[in-house]
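Worksheet: one structure, shown below.
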């Protein structure tokens, strides 16, 4: 188990492992484009260090959410060792479960599923925060419309 101390995140991360096994390029594209982790670095974590995709995903998106360099998050995860869960690592980075960084991680997971056009079941909190897929698509379209008008 990923050990995030958030059952919803843990379930999605296990599914992200399945998705990445089937669509490795799409998985890497997501981490590179939306979390700004260099592709080569993510590939080394997956191939050479044998990190499961879920750990690469959390390292990349938690780093972004916590305002930490991704290398620091990777070092913290490696130093904690395999038995340690992400909750302990995140707490050591001042991004414990329940923090704004964790909320951003939850939102990033939903956004990734939307990018992949993959179905996802939101918990009650996320439904209140983000709405259903149609509402998220409308919000994204409005955001894009606003950004193109200002250019």
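In our numbering, the protein residues as written are 2 to 152.
For every residue, glycine included, the Cβ atom is placed at its ideal position computed from N, Cα and C.
Three-state secondary structure (DSSP) at residue i?
i	result
residue 51	coil
residue 139	helix
residue 119	coil
residue 145	helix
residue 94	coil
residue 41	helix
So residue i is in the alpha helix (DSSP H); what residue range does that whole segment cover?
i	result
residue 115	101-116
residue 130	125-131
residue 18	8-23
residue 86	Unbroken run through residue 86: none, as it is neither H nor E.
Starting from the Cα of residue i, find the closest Cα among the options and give me that residue.
i	options	result
residue 5	28, 113, 21 and 92	92
Assuming residue i and residue j make a contact with CB atoms under 8 Å, what is their CB distance in whole Å?
i	j	result
residue 116	residue 31	6 Å
residue 25	residue 14	Contact doesn't hold; Cβ gap of about 16 Å is too wide.
residue 64	residue 58	Actually they are not in contact, since the Cβ atoms of residue 64 and residue 58 sit about 11 Å apart, beyond 8 Å.
residue 89	residue 81	6 Å
residue 77	residue 94	6 Å
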